[in-house]
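Below is one structure, written out as structure tokens; the observations come after it.
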Amino acid sequence: MMRVRSCVLVAVSFGLSPMAQATPTKKEVVPVEEAPTIAVDWRTIVGWGPVTGVTSLGARYRHIYRRDHNPLWNGLYLQTGATVGTSTFTHSGSVHVEVQPLAVLRVRLQAETWRWLGKPSEIGTGLPFPTADSPSDPETLARRSDETIRTHGRRGLLMTTLQGRVGSFAMQNMTRVSAWLLPKGDGYLYDSESDNLIARGQWDQNIRNRLCLLWMAPSRLRLHRLMVGPIHEFVQSREAARSRHRVGAMLVYMPVQRWGALWEPTLMLDVGITAKDRYRQGETYFFGMLKLSLSP
Numbered sequence: 130m131m132r133v134r135s136c137v138l139v140a141v142s143f144g145l146s147p148m149a150q151a152t153p154t155k156k157e158v159v160p161v162e163e164a165p166t167i168a169v170d171w172r173t174i175v176g177w178g179p180v181t182g183v184t185s186l187g188a189r190y191r192h193i194y195r196r197d198h199n200p201l202w203n204g205l206y207l208q209t210g211a212t213v214g215t216s217t218f219t220h221s222g223s224v225h226v227e228v229q230p231l232a233v234l235r236v237r238l239q240a241e242t243w244r245w246l247g248k249p250s251e252i253g254t255g256l257p258f259p260t261a262d263s264p265s266d267p268e269t270l271a272r273r274s275d276e277t278i279r280t281h282g283r284r285g286l287l288m289t290t291l292q293g294r295v296g297s298f299a300m301q302n303m304t305r306v307s308a309w310l311l312p313k314g315d316g317y318l319y320d321s322e323s324d325n326l327i328a329r330g331q332w333d334q335n336i337r338n339r340l341c342l343l344w345m346a347p348s349r350l351r352l353h354r355l356m357v358g359p360i361h362e363f364v365q366s367r368e369a370a371r372s373r374h375r376v377g378a379m380l381v382y383m384p385v386q387r388w389g390a391l392w393e394p395t396l397m398l399d400v401g402i403t404a405k406d407r408y409r410q411g412e413t414y415f416f417g418m419l420k421l422s423l424s425p
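Last residue of the sequence shown? That's 425 in the working numbering, and every number before it is there in order.
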């Protein structure tokens, strides 16, 4: 049975931009598909290449502060919330503030706390390394599974999302800058989410960018939204100076917008090839997410 680790991952979130709707008259305010003001979110995420997994539970409050006849300024919101996660190897918690100043732009600030439990891990969660050049290939991670340590850390995130739609095609670019602070110690700690090394005892940063272009299928009976298309991901760390490129295909499926208290249940699948990486180049990767949101 696959053991999973806990983390706070920013899953790509697709919603129809107000720009995608019919052109309004000058006097009318465009009705937008508004998410609930208060909601509880449950996510399960699994991945392979490397193996990852997470289940998290969060709550959030969203205030829509502007409605306008101009689609660029319509449905703008301010959101705050908190999330907790737990699994075999880690516990985590986070709080966030998110704002949408334009219909095509979202900005999110997030503060996280992490605790690595020190349990044996064949996927490397909580495994220390003396130098940035130390081998961290899958075989080494599995061989050193009993060498994981108990420790804790903090991470700050800045995330920006640019999105838009032309006809039946939607584009989204998400950039995430992570700032890690781990306790003093020699060397690095392996981060299985980004398949990278984090420097210990100092601030360390990495950047992750995901760009996708999706075709949006026409709405059909009992089908709220279906999108599919290519995706490119880039990850770069500062202290360890490691980078990764992935190229793949993504599918996003929402069967309904609302069903009772359930709001936009979402299934996302991402599969492709690791195009550039020190240890996983040429390997196939897989990423899947199931998200359920409950609201009054």
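Ideal placement from N, C-alpha and C gives every residue a C-beta, glycine not left out.
Residue i classed as buried or exposed, judged by whether at least 16 other C-beta atoms fall within 10 angstroms
{"i": "I167", "result": "exposed"}
{"i": "G330", "result": "exposed"}
{"i": "A240", "result": "exposed"}
{"i": "K420", "result": "buried"}
{"i": "Q410", "result": "exposed"}
{"i": "H281", "result": "exposed"}
{"i": "L445", "result": "With the chain covering only 130 through 425, there is no way to say anything about residue 445."}
{"i": "R328", "result": "Note that residue 328 is Ala in the sequence shown, not Arg. Classification for A328: buried."}
{"i": "L238", "result": "exposed"}
{"i": "P347", "result": "exposed"}
{"i": "R349", "result": "exposed"}
{"i": "T152", "result": "Here T152 scores only 38 on pLDDT, less than 50, and its place in the model is too uncertain to base an answer on."}
{"i": "E268", "result": "exposed"}
{"i": "E163", "result": "exposed"}
{"i": "G255", "result": "buried"}
{"i": "K156", "result": "Residue placement at K156 cannot be trusted, given a pLDDT of 45 that sits under 50; the coordinates are not used to answer."}
{"i": "P200", "result": "buried"}
{"i": "G401", "result": "buried"}
{"i": "W392", "result": "buried"}
Beta-carbon gap between residue i and residue j smaller than 8 Å
{"i": "V385", "j": "H361", "result": "no"}
{"i": "W332", "j": "L310", "result": "yes"}
{"i": "M379", "j": "G358", "result": "yes"}
{"i": "N335", "j": "V364", "result": "yes"}
{"i": "F298", "j": "L343", "result": "yes"}
{"i": "L291", "j": "N302", "result": "yes"}
{"i": "R407", "j": "R371", "result": "yes"}
{"i": "V183", "j": "G214", "result": "yes"}
Neighbourhood of residue i by C-beta distance below 8 Å, restricted to the same chain and skipping five residues each side
{"i": "Y194", "result": "L205, Y206, L207"}
{"i": "P425", "result": "P165, I167, A390"}
{"i": "P230", "result": "L205, V236"}
Same chain, Cβ closer than 6 Å to residue i, five either side skipped, listed in chain order
{"i": "A404", "result": "H374, V376"}
{"i": "G417", "result": "V175, L398"}
{"i": "G253", "result": "L270, Y319, S321"}
{"i": "R172", "result": "S185, K420"}
{"i": "L423", "result": "V169, A390"}
{"i": "E251", "result": "A271, S274"}
{"i": "T304", "result": "T289, N338"}
{"i": "V295", "result": "none"}
{"i": "E227", "result": "Q208, R237"}
{"i": "S366", "result": "N325, N335"}
{"i": "S223", "result": "V137, T212, Q239, E241"}
Expected contact under 8 Å - CB spacing of residue i and residue j to nearest Å
{"i": "G247", "j": "R279", "result": "4 Å"}
{"i": "P249", "j": "D266", "result": "Between D266 and P249 the Cβ distance is about 18 Å, and since that is not below 8 Å, they are no contact."}
{"i": "A232", "j": "E368", "result": "Actually they are not in contact, since the Cβ atoms of A232 and E368 sit about 37 Å apart, beyond 8 Å."}
{"i": "P259", "j": "G316", "result": "4 Å"}
{"i": "W243", "j": "S216", "result": "The Cβ separation is near 12 Å, so there is no contact."}
{"i": "G210", "j": "H198", "result": "That pair is no contact at about 30 Å."}
{"i": "W245", "j": "T219", "result": "5 Å"}
Contact set for residue i: own chain, Cβ-Cβ below 7 Å, skip 5 residues either direction
{"i": "S307", "result": "R284, L286, Q334, N335"}
{"i": "T396", "result": "The question names Thr, but residue 396 in the sequence shown is Leu. Within the same chain, L396 has close Cβ partners Y382, L419."}
{"i": "T154", "result": "In this predicted model, T154 has a pLDDT of only 42, less than 50, meaning its place in the structure is not dependable enough to derive any value."}
Heavy atom of the ligand NAD within 7 Å of residue i beta-carbon
{"i": "Q386", "result": "Absence of the ligand NAD from the depicted structure is noted, as is the absence of any ligand whatsoever, leaving it without description."}
What are the complete beta strand (DSSP E) segments, minimum 3 residues, inside the segment 320-396? 325-328, 332-345, 354-366, 372-383
Every unbroken beta strand (DSSP E) inside the segment 241-298 [3 residues or more]: 279-295
Taking only runs of the beta strand (DSSP E) that begin and end inside the segment 166-244, which ones reach a length of at least 3 residues, in chain order? 167-177, 181-195, 205-215, 219-231
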